[in-house]
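Using UniProt numbering, read the sequence shown as starting at 1 and increasing by one per residue. Backbone N, C-alpha and C fix where the C-beta goes; we use that ideal spot for every residue, glycine too. Here is the structure we will look at, set down as structure tokens.
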Amino acid sequence: MEQNQAASLDQMTFRQEMAELDRIVSVLESNTLELEDSLASYERGVTLLADLKSRLSDAQQKVDVLMGQLDAPADDATTDTTLS
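What follows is the structure, given as structure tokens:
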């Protein structure tokens, strides 16, 4: 197994994982691997895809929280309640 395939997911950036997944897809599509190597690559790809989806979901939740903070209604202390 290649060194970058053996890299732990928690040591890789999102971009590195995407690049590795892209490489795996290209190799699998080329149909040049032996069956055992194809299965190992496919398994690594599934693992990468699951981690990438999880990272995207976490990022989306953070964005939603931040957007919620921007859209939060003002409380009575900061709202101008005087009639003009």
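Does S8 come out as helix, strand or coil in the three-state DSSP assignment? coil
Pull up the CB-CB distance for E29 and D51, whole angstroms please, since I reckon it's below 8 Å. Actually they are not in contact, since the Cβ atoms of E29 and D51 sit about 21 Å apart, beyond 8 Å.
Nearest candidate by alpha-carbon position, reference L49, set T82, L33 and A19: A19
Which of helix, strand or coil DSSP assigns to L83: Three-state DSSP puts L83 in coil, outside helix and strand.
Please state if the CB of G45 and the CB of L21 are separated by a distance shorter than 9 Å. yes
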